[in-house]
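The next block holds one structure in the form of C-alpha cells; read it before the comments.
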Amino acid sequence: MSQLLTTKFVAKSLAATVSVLMLSTVANAASAEQKQIQQLRQEVETLKTLIQQQQQVQLQQASQIEQVKAAPQSTLAGLKSKAGANVNIYGFVRADAQYKIDGADGIFSSIDKADLGGTANPKNVKNPNSDRFYATAKTTRLGLDFKAPVEGADVGGKIEVDFAGTNDALRIRHAYLTYNNWLVGQTTSNFLSGATVPEMIDFSSPLGIGTKRTPMVRYSDKINANASYAVALEKGADANRLPAATAKVDYKFDKGVVNARALVQEVRARNEDATSTQADPKEYDDKKEFGWGLAVGANFKPVDALSLNVDYSHVKGDNFYIGYTGSNTATVPDGNDIDLAEFDAVTVGATYQFTPKVRSTLGYGAVFFDKDARTTVQDGFANKKLQQAWLNVLYSPVKPLSFGAEYVYGKRDTVNNLSGKENHVGFMAKYDF
C-alpha cells in the first residue's frame, strides 16, 4: 500500500515538474518572440526615417537642377589657354545717356573743369556745353582671368579693357600677373580703396576718391583671418623720377570693412631759368620735395538693407591719385623754391536696398585745397573748392540686366572767387556676362 502511494506521489511530482518546464519554455518563447517583434518595429521605423531623408535629398537635388536649368548658361565657361591655363571670361555691355544742364564739355562729370562766369566770361555768353544731350557705349568692358595649373604655387593673371580711351579707343584697365603673394603689372593703386566708395552711375566716379590704375610691383598677405596688408612700388606722376611707395591695411568684421592707406613719394618740379635767351640752351633747375598722403575708409552695414560708406584723404604734393585734382598743380612756385599743394578729400554715401531688385544711393563728395598753397598759385582760375552730390536708383529685373537713373549736382569755386556748376541727369543700361 505504501509502495503504491509512493509511486503515485512520484508520478504526480514528475507531472508537475514537466508542467512547470513546459510553462517556462512557453514563457521564454513568448518573451523572445516579443523581443523580436520590438526589434522588427525599431528596424521598420529606422527604415522609414532613411526613406524620408532620401526623399528630402531627392527633392533638394531636383530643386538645384531646376535652378541650374533656369540660370543663364554660358558657352564661355571652362575655356583653356594654349598653355593650359583655366580662363574665365567676364564683362558687360553698357550704354549711357546724359542730359547736361550745365558743366564741362563731354559726357560724365568734369566738375574741376566746369564752365565759369564772371571775369572768365565777360560777355556773359551762355555756356556752349549747357542744355546738351550725350550718349555713348564706350564704358562696355571685357575681362579675362587666368589660373595656371601649377602644383605648389598660385600663378595667374588678368587682362581687362574698355573703350574709354582717347576718341573711344580700346584702353587697358588691368593687365598683371600674380605669383603667390606677388603682383606685377597694372591695376588700381594700392593707395585707393574701392570697398569704401558709395555707388555712382556716372562713369567718372564720385568726387573725393580715386580710380587711378598704375604699373606696380605689389606684395600682399594676411595678418590673420580678418586682417590683411599690401605694400607696393608704383609709377606715380610723370614728373617724378622715383616710384611712389604705398601701403594699405584692411580689416573685415561682421558688419563691414575698414582700411588705412599711406603714400610716400619724391616730388620734382622744374623751374625754367628766366634769364636764358632763345639763342642759348634753356637752363632748368629741378626742385625736389617730400610728398605724402594718408587715407582712411569704412563700409558699415547696420542692417542688411543699408550700407554706409565714408572715405577721407589728406594729400600733399600730388594731383595724380585722387580724382578731379589734376586741374590744380601739385607744386606751387615760391621764388627760387617750390611749395607743395595740399588738399583734403572726403566722400560719404548711403545705399538702401528697397527690394531684391531695387536699390538707391545718396552721396556727397568734396575736395578742399589748402589755403596757404592757393594764395601762391599764379593761375587765378585754379580750384580752391569742389563739391558734388548725387542721387540714383538702380533696377535689376533679372540677374544679368541693370537699369539706372541718376541726378548729379556739383559746384566749382576758384582762387579768384569764380564759380561753375555741373548739373546733369544720367541714364544707364547694362548686361553683365
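Mind the numbering: the sequence shown is residues 316 to 748 in this note's numbering, read in order.
A virtual CB, placed ideally from N, CA and C, is assigned to each residue, including glycine.
- Going by DSSP, Tyr639 is part of no beta strand (DSSP E) at all; its letter is neither H nor E.
- Every beta strand (DSSP E) stretch that sits fully inside the region 495-542 and reaches 3 residues is listed by chain position as 497-503 and 528-537.
- One Cα belongs to Ser628, the other to Ser675, and the distance between them is close to 25 Å.
- Here Lys570 really is in contact with Lys616; their C-beta atoms are around 5 Å apart, less than 8 Å.
- Three or more Cβ pairs closer than 8 Å define a contact, and the region 533-552 meets that threshold against the region 620-638.
- In chain order, Val512, Asp626 and Thr662 place their CB closer than 6 Å to the CB of Ile524, counting only its own chain and leaving out the 5 sequence neighbours on each side.
- A direct Cα-to-Cα measurement between His739 and Gly725 gives close to 9 Å.
- Counted as a single uninterrupted DSSP element, the beta strand (DSSP E) harbouring Ser628 occupies residues Leu621 to Lys631.
- Within the region 539-573, the beta strand (DSSP E) runs of at least 3 residues that lie entirely inside it are, in chain order, 542-549 and 559-568.
- When Cβ pairs closer than 8 Å are counted between the two stretches, the region 530-543 is seen not to touch the region 475-482, the count staying below three.
- Cα atoms of Phe669 and Lys714: separation of roughly 16 Å, rounded to the nearest angstrom.
- Setting aside the 5 residues that flank it on each side, Asp685 is surrounded in the same chain by Ala656, Glu657 and Phe658, each with a C-beta closer than 7 Å to its C-beta; the list follows chain order.
- Among the bridge pairs identified by DSSP, Pro648 is matched with Ile653.
- In this chain, the beta strand (DSSP E) harbouring Gly406 covers Asn401 to Asp417.
- It is roughly 12 Å from the alpha-carbon of Gly650 to the alpha-carbon of Lys602.
- The residue from Gly612, Val723, Ala559 and Glu581 with its alpha-carbon nearest to that of Ser508 is Gly612.
- With at least 16 other beta carbons inside 10 angstroms of its own, Gly741 counts as buried.
- If you ignore the 5 residues before and after Gly406, its C-beta comes within less than 7 Å of the C-beta of Arg456, Leu457, Gly458 and Phe748, all in its own chain and listed in chain order.
- For Phe718, the enclosing beta strand (DSSP E) starts and ends at Leu716 to Thr729.
- Counting the other Cβ atoms within 10 Å of the Cβ of Phe518 gives 16 or more, which makes it buried.
- In this structure Asp411 is buried. Its beta-carbon is surrounded by 16 or more other beta-carbon atoms within 10 angstroms.
- In the three-state reduction of the DSSP assignment, Leu355 falls in the helix class.
- Rounded to the nearest angstrom, the gap between the Cα atoms of Gln349 and Glu358 is 14 Å.
- Cβ-Cβ distances below 6 Å link Asn401 to Lys462 in the same chain, with the five nearest sequence neighbours on each side left out; the list follows chain order.
- In the structure shown, Asp747 adopts extended strand secondary structure according to DSSP, grouped into three states.
- Ile426 is a Cβ neighbour of Gln703, given a cutoff of 8 Å.
- The DSSP-derived three-state label of Lys363 is helix.
- Cβ-Cβ distances below 6 Å link Met531 to Ala547 and Glu549 in the same chain, with the five nearest sequence neighbours on each side left out; the list follows chain order.
- Of the residues Thr640, Gly632 and Gly641, the one whose Cα lies closest to the Cα of Val647 is Gly632.
- Put simply, the backbone Cα of Ser520 is about 11 Å away from that of Val723.
- In the three-state scheme derived from DSSP, where H, G and I count as helix and E and B as strand, Ile422 is classed as coil.
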